[in-house]
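Asker: Here it is, the structure in full.
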Amino acid sequence: MEGILFKWTNYISGWQPRWFVLEGGTLSYYDSQEDSWKGCKGSIKISVCEIQVHSSDFTRVDLTIPGEQYFYLRAINAAERQKWLVALGSAKACLTDNRTKREKGKVIALGYSKQV
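First residue of the sequence shown? That's 1 in our numbering, and the numbers climb one at a time after it.
This is the structure:
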């Protein structure tokens, strides 16, 4: 999924529109779709982040890796936020499910793992 979300930058600049791309378990953002050729300005791994909806702002979603990384995001409206929540949740569930399947196929003991 890709599209415009507003990212909290700081108290001086506030919420700024950014082009976001969710691909391969990573959410990356760019200044704009036209500037995506310059490379992403930042990214967050969906498999390890917490996805939280804001209790009073129905356009907002927060992505956090506690103590490391925070993305405070707003969609244009509640319906658009819902689309992003479904996409992010699906990506996280898929990544978690794949990791769990891999871990179930291993026996882990004494600091090493062996495929069974």
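Beta carbons: idealized from backbone N, C-alpha and C, even for Gly.
These figures come from a predicted structure and were not determined experimentally.
(1) How many whole angstroms separate the CB atoms of Phe6 and Arg74, which I take to be in contact at a CB cut-off of 8 Å?
(2) DSSP three-state call for Lys134: helix, strand or coil?
(3) Once you ignore the five residues that flank Glu2 on each side, which residues in its own chain have a CB closer than 6 Å to its CB?
(4) Of the choices Ala78, Pro66 and Leu63, whose alpha-carbon is the least far from that of Glu56?
(5) Are Lys92 and Ile51 touching if we call contact CB-CB under 8 Å?
Answerer: Reading off the structure:
(1) That belief holds up - the Cβ atoms of Phe6 and Arg74 are roughly 4 Å apart, short of 8 Å.
(2) Since the first residue shown for the chain is 1 and the last is 116, residue 134 is missing from the structure and cannot be characterised.
(3) Correct list, in chain order: Val21.
(4) Here residue 56 turns out to be Ser, not Glu, going by the sequence shown. Checked all of Ala78, Pro66 and Leu63; the closest Cα to Ser56 is Ala78.
(5) Cβ atoms of Lys92 and Ile51: closer than 8 Å.
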